[in-house]
Amino acid sequence: MALDDKDYVRYSRHIMLPEMGEQGQQRLSCASAAIIGLGGLGMLCAQYLAGAGIGSLLLIDGDKVESSNLPRQLLFDDKDIGHNKALVSQHKLQHRNPSCQVRGDDNYLGHDNAVNHLSQVDVVIDCSDNFMTRQLVNATCVALMRPNVVASVAHFSGQLLCIDLQKAPQAGCYHCLFPQSLKVSQGCDTQGVLGPMVGVMASMQTLLAMQILLQLDDVQQRRYDTLYRFNGLGLNQLSSRRKRDPQCAVCAPYVMEKIHG
Amino acid sequence: MDEINLMLNGEPVTVANRTNVQQLLLAQKIQLDRVAVVCGGDVVPKSMWSSTLCEEGNVIEIFGVVAGG
Ligand SMILES: [Zn+2]
Numbered sequence: 001m002a003l004d005d006k007d008y009v010r011y012s013r014h015i016m017l018p019e020m021g022e023q024g025q026q027r028l029s030c031a032s033a034a035i036i037g038l039g040g041l042g043m044l045c046a047q048y049l050a051g052a053g054i055g056s057l058l059l060i061d062g063d064k065v066e067s068s069n070l071p072r073q074l075l076f077d078d079k080d081i082g083h084n085k086a087l088v089s090q091h092k093l094q095h096r097n098p099s100c101q102v103r104g105d106d107n108y109l110g111h112d113n114a115v116n117h118l119s120q121v122d123v124v125i126d127c128s129d130n131f132m133t134r135q136l137v138n139a140t141c142v143a144l145m146r147p148n149v150v151a152s153v154a155h156f157s158g159q160l161l162c163i164d165l166q167k168a169p170q171a172g173c174y175h176c177l178f179p180q181s182l183k184v185s186q187g188c189d190t191q192g193v194l195g196p197m198v199g200v201m202a203s204m205q206t207l208l209a210m211q212i213l214l215q216l217d218d219v220q221q222r223r224y225d226t227l228y229r230f231n232g233l234g235l236n237q238l239s240s241r242r243k244r245d246p247q248c249a250v251c252a253p254y255v256m257e258k259i260h261g
Numbered sequence: 001m002d003e004i005n006l007m008l009n010g011e012p013v014t015v016a017n018r019t020n021v022q023q024l025l026l027a028q029k030i031q032l033d034r035v036a037v038v039c040g041g042d043v044v045p046k047s048m049w050s051s052t053l054c055e056e057g058n059v060i061e062i063f064g065v066v067a068g069g
């Protein structure tokens with residue numbers, strides 16, 4: 001889709017980036033993303049991407065807005081309480097960004113709809129709030145060979161990683177790092193969380209997603225094999241290189257031929 | 001050398017020579033089904049814990065999964 005005069009003004013701060021330019025903005029305007037979960041992470045990712053001029057967004061969440069969400073989920077207000085998060089987000093973002101095609105699904109992502117939803121987009125952004133859904137998003141993205149940008153947060157801990165088995169089969173998948181049998185103790189419901197903590201993680205997650213959609217240079221060759229762990233008290237971040245678990249049954253059928261030729 | 005010294009989540013730890021990652025976790029009373037392991041900046045996948053030997057000077061990080069959003 002060609003940019004018109006209004007677009008040049010609206011997106012001028014993008015276009016002046018040498019890494020992006022007019023071509024990058026056009027690329028973004030043709031791109032699509034699915035956001036799983038419209039909580040603290042997802043509602044911010046969605047706003048950034050819609051505002052930035054992405055072509056289409058698919059928002060998936062069966063949850064409803066509650067008053068305990070409002071201190072950190074800034075897309076929502078008191079009038080939204082009791083309404084579905086995906087549909088409220090769709091309505092508000094479509095109104096603010098008419099050129100972005102925003103669709104909402106008020107069902108949770110499940111085995112019945114995952115393949116259908118995630119096969120429609122260029123990149124999947126996992127903003128869910130539970131381990132089971134994260135495993136489902138991973139398995140579906142692995143099977144569909146879709147890049148999956150995963151962020152999570154609880155207390156003052158955040159984790160961020162990007163999985164693309166075509167780009168980095170040796171780094172494996174989410175299940176290689178965090179197998180389904182793992183017991184989870186860190187969630188916002190039980191441990192609490194501050195708004196800016198979620199905001200930091202969602203911002204880095206969206207930045208990663210935009211790097212992928214814009215095909216920006218992967219300067220350090222670490223985009224697809226790094227696990228970032230952010231500590232919101234020390235304001236520091238650790239980077240680790242992910243390695244595929246040779247015993248991982250989730251990605252084995254899809255990476256064997258890539259690694260072993 | 002009978003013992004090796006390593007750093008575990010920023011704390012010095014001494015273990016017997018030829019201790020593997022799984023034995024290290026057990027000796028430190030860390031629940032195996034709650035953690036992921038990074039050694040020297042690289043993730044050690046779970047199926048490799050018992051075949052990965054600790055070495056002198058290893059910097060090992062152990063952490064749980066964060067799942068909230
Ligand atoms: Zn895997």
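So the sequences go chain by chain: F and U.
Taking the UniProt record's numbering, the leading residue of the first sequence gets 1, the next gets one more, and so forth.
Taking the UniProt record's numbering, the leading residue of the second sequence gets 1, the next gets one more, and so forth.
Glycine residues also receive a C-beta, built at the ideal position from the N, C-alpha and C atoms.
- Query: Of all the CB atoms in chain U, is at least one closer than 9 angstroms to the CB of F/R10?
  - Reply: Translated into positions along the first sequence, residue 10 of chain F becomes position 10. Cβ-Cβ to chain U under 9 angstroms: no for F/R10.
- Message: Between the alpha carbons of U/E56 and U/R18, how many angstroms are there, rounded?
- Response: For the purposes of this step, residue 56 of chain U is taken as the residue at position 56 of the second sequence. For the purposes of this step, residue 18 of chain U is taken as the residue at position 18 of the second sequence. In a straight line, the C-alpha of U/E56 is about 10 angstroms away from that of U/R18.
- Item | Residues that DSSP places opposite U/V37 in a beta bridge | The sequence position of residue 37 of chain U within the second sequence is 37, counting from 1. In the DSSP output, where bridge partners are listed per residue, U/V37 has U/V44 and U/I62.
- Sufficient close CB pairs (3 or more, under 8 angstroms) joining the region 228 to 239 of chain F to the region 137 to 157 of chain F: Under the Cβ criterion (8 angstroms, minimum of three pairs), the region 228 to 239 of chain F counts as touching the region 137 to 157 of chain F.
- Query: Using a Cβ-Cβ distance under 9 angstroms, would F/D245 count as near chain U?
  - Reply: For the purposes of this step, residue 245 of chain F is taken as the residue at position 245 of the first sequence. Interface residue, yes.
- Since U/V37 and U/V21 are thought to touch, with beta carbons under 8 angstroms apart, how far apart are those beta carbons, to the nearest angstrom? Taking the second sequence and counting its residues from 1, the one referred to as residue 37 of chain U is at position 37. Taking the second sequence and counting its residues from 1, the one referred to as residue 21 of chain U is at position 21. With 8 angstroms as the limit, U/V37 and U/V21 qualify as a contact, their Cβ atoms being about 6 angstroms apart.
- Item | Contact list for F/L177 against chain U, beta-carbon separation under 7 angstroms | Along the first sequence, read from residue 1 onward, the residue named residue 177 of chain F stands at position 177. In chain order: A36 and V43.
- Task: May I ask whether a heavy atom of ligand 1 can be found less than 8 angstroms away from the beta carbon of F/A168?
- Result: As a first step, residue 168 of chain F is located in the first sequence; it is residue number 168 there, counting from the start. F/A168: no, Cβ never under 8 angstroms from ligand 1.
- Return the residue from the list F/I54, F/L38, F/Y108 and F/L58 that minimises the CA-CA distance to U/G69. Stepping through the second sequence from its first residue, residue 69 of chain U is reached at position 69. Taking only the C-alpha atoms, the option nearest U/G69 is F/L38.
- Item | Start-to-end residues for the beta strand (DSSP E) that takes in F/Q159 | For this step, residue 159 of chain F is matched to residue 159 along the first sequence. S157 to I163 is the extent of the beta strand (DSSP E) around F/Q159.
- Query: Is F/V142 near ligand 1, judged by its Cβ being under 8 angstroms from some heavy atom?
  - Reply: Position 142 of the first sequence, counted from the start, is the residue given in the question as residue 142 of chain F. Flag set: Cβ of F/V142 near ligand 1.
- Task: Pair every Cβ in the region 120 to 132 of chain F with every Cβ in the region 184 to 200 of chain F, then say whether three or more of these pairs are closer than 8 angstroms.
- Result: yes
- Query: So, is F/Y8 buried or exposed, given that buried needs 16 or more other C-beta atoms within 10 angstroms?
  - Reply: By 1-based counting over the first sequence, the position of residue 8 of chain F is 8. By the neighbour-count rule (16 or more Cβ atoms within 10 Å), F/Y8 is not buried but exposed.
- Message: Give me, in chain order, the residues of the same chain whose beta-carbon lies closer than 8 angstroms to that of F/L17; leave out the 5 immediate sequence neighbours on both sides.
- Response: In the first sequence, residue 17 of chain F corresponds to position 17, counting from 1. The residues are G24.
- Item | chain U contact for F/F131 (CB, 9 angstroms cutoff) | Against the first sequence, residue 131 of chain F aligns to sequence position 131. So, interface residue.
- Classify F/F230 as helix, strand or coil using the three-state DSSP reduction. If you number the first sequence from 1, residue 230 of chain F lands on position 230. Looking at F/F230 - three-state DSSP - the assignment turns out to be strand.
- Endpoints, the alpha helix (DSSP H) within which F/P196 is located: Numbered from its first residue, the first sequence carries residue 196 of chain F at position 196. G195 to L214 is the extent of the alpha helix (DSSP H) around F/P196.
- Query: Quick one: which chain U residues come within Cβ less than 8 angstroms of F/A154?
  - Reply: Position 154 of the first sequence holds residue 154 of chain F. Neighbours of F/A154 on chain U, chain order: V66, A67 and G68.
- Query: So which residues touch the region around ligand 1, with touch meaning a C-beta under 5 angstroms from any heavy atom?
  - Reply: F/G172, F/C173, F/H175, F/C176, F/C248, F/V250 and F/C251
- Query: According to a CB-to-CB cut-off of less than 9 angstroms, which residues of the region 45 to 58 of chain U neighbour chain F?
  - Reply: P45, K46, S47 and M48
- 9 angstroms Cβ cut-off: residues of chain F touching U/D2: Stepping through the second sequence from its first residue, residue 2 of chain U is reached at position 2. Ordered by position in chain F, no residue passes the 9 angstroms Cβ test against U/D2, which lies about 30 angstroms from the chain.
- Query: What separation, rounded to the nearest whole angstrom, lies between the Cα atoms of F/K167 and F/T133?
  - Reply: Within the first sequence, numbered from 1, the residue matching residue 167 of chain F stands at position 167. Within the first sequence, numbered from 1, the residue matching residue 133 of chain F stands at position 133. The straight-line gap from Cα to Cα measures roughly 24 angstroms.
- Task: Rank F/M204, F/L59 and F/I81 by C-alpha distance to the C-alpha of F/N113 and give the top, closest one.
- Result: The residue labelled residue 113 of chain F in the question sits at position 113 within the first sequence. Ranking the options by Cα distance to F/N113, first place goes to F/L59.
- Sort out for me which residues DSSP pairs F/L57 with in a bridge. Against the first sequence, residue 57 of chain F aligns to sequence position 57. According to DSSP, which records beta bridges pairwise, F/L57 is partnered with F/A33 and F/V102.
- Output, in sequence order along the chain, the residues in the region 154 to 170 of chain F whose CB is closer than 7 angstroms to any CB in chain U. A154, S157, G158 and Q159
- Message: Can you confirm whether F/L49, when its beta carbon is compared against all beta carbons of chain U, has any partner nearer than 9 angstroms?
- Response: Counting from one through the first sequence, the residue named residue 49 of chain F turns up at place 49. F/L49 has a beta carbon lying at 9 angstroms or more from every beta carbon in chain U.
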